[in-house]
């Protein structure tokens with residue numbers, strides 16, 4: 003499972019406790035049943051069993067319409083199954099029930115960015131990053147930079163640098179800074195960010211292709227060739243590998 007997806011689900015599950023009290027016995031019972039169904043729904047969603055997850059999460063909101071984690075779970079499932087209108091509806095219901103949750107701000111912003119709404123997403127990323135007590139503000143800053151890289155690279159770079167102040171080895175921020183630097187033809191800076199990212203331990207087709215062109219631009223054909231060979235060997239089906247292979251001897 004995609005690590006980012008796993009983190010979203012794990013974060014939601016950590017917020018669920020199975021206790022709870024309410025003024026009336028039935029409300030308490032419904033509340034606890036909703037929490038149990040939410041936990042079950044998130045577990046099924048984690049395994050990619052979205053149909054069963056949806057059933058459990060719908061039961062949860064029927065039992066407790068104010069349970070934010072259940073609405074977050076529904077938003078996630080609808081997001082993964084290509085139903086953005088329903089996803090947004092439940093994200094907003096989750097926000098009404100948890101108006102101070104920075105992780106929810108970040109998740110909603112990721113959704114908005116995926117819907118090509120970067121300016122709306124930006125406001126939630128910044129809100130998440132600036133919420134006191136948020137455990138991973140660098141994630142929100144990095145996500146903001148990644149979201150704005152194409153539409154506003156200067157502002158994206160400011161956010162990415164905020165992430166790197168907090169966590170100098172943040173891979174998302176380093177990769178995005180390399181992409182921005184490469185697009186600006188700042189090849190020495192591109193090389194520096196790629197070295198900090200460390201392509202030896204984790205790579206992607208586009209970053210390897212950037213490394214090929216960067217090393218060539220800096221007059222190091224041997225390094226460019228090494229990156230090209232890695233690209234073709236590790237990602238043979240990628241468009242980047244096809245482009246490089248056509249130029250290799």
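Residue numbers (the working numbering): 3 to 251.
All C-beta atoms, glycine included, are put in the ideal place defined by N, C-alpha and C.
All values reported here derive from a predicted model rather than from experimental measurement.
Which word fits residue i, buried or exposed, when buried means at least 16 other C-beta atoms lie within 10 angstroms of its C-beta?
i	result
residue 134	exposed
residue 176	buried
residue 23	Note that residue 23 scores 42 on pLDDT, short of 50, meaning its location in the model is unreliable and no value can be drawn from it.
residue 250	exposed
residue 203	exposed
residue 336	Absent from the structure is residue 336, since the part of the chain shown begins at 3 and ends at 251.
residue 108	buried
What's the gap between the Cα of residue i and the Cα of residue j?
i	j	result
residue 246	residue 211	8 Å
residue 146	residue 159	9 Å
residue 195	residue 233	18 Å
residue 255	residue 218	Past the edges of the chain, shown from 3 to 251, lies residue 255, and the structure says nothing about it.
residue 152	residue 60	37 Å
residue 230	residue 192	17 Å
residue 99	residue 66	11 Å
residue 242	residue 228	15 Å
residue 197	residue 184	14 Å
residue 33	residue 73	14 Å
residue 214	residue 141	28 Å
residue 244	residue 182	23 Å
residue 36	residue 102	21 Å
residue 201	residue 216	13 Å
residue 190	residue 150	23 Å
residue 38	residue 29	14 Å
residue 91	residue 114	12 Å
residue 124	residue 31	39 Å
residue 169	residue 117	28 Å
residue 171	residue 199	7 Å
residue 162	residue 27	49 Å
Which one of the options has the shortest CA to CA distance from residue i?
i	options	result
residue 144	173, 187, 103	173
residue 112	57, 100, 93	93
residue 78	53, 189, 209, 32	53
residue 80	126, 107, 44, 108	44
residue 239	207, 154, 127	207
residue 50	31, 40, 216, 82	82
residue 137	91, 105, 27	105
residue 166	139, 154, 190	139
residue 64	86, 87, 40	40
residue 128	154, 164, 222, 156	164
With the cut-off set at 9 Å, would you say residue i and residue j are in Cβ contact?
i	j	result
residue 75	residue 55	yes
residue 58	residue 69	no
residue 205	residue 236	yes
residue 96	residue 110	yes
Where does the unbroken alpha helix (DSSP H) through residue i begin, and where does it stop?
i	result
residue 191	189-199
residue 32	27-48
residue 186	It is not in any alpha helix (DSSP H) - residue 186 carries neither H nor E in the DSSP assignment.
residue 221	Run containing residue 221: none; DSSP gives neither H nor E here.
residue 80	70-82
residue 165	155-168
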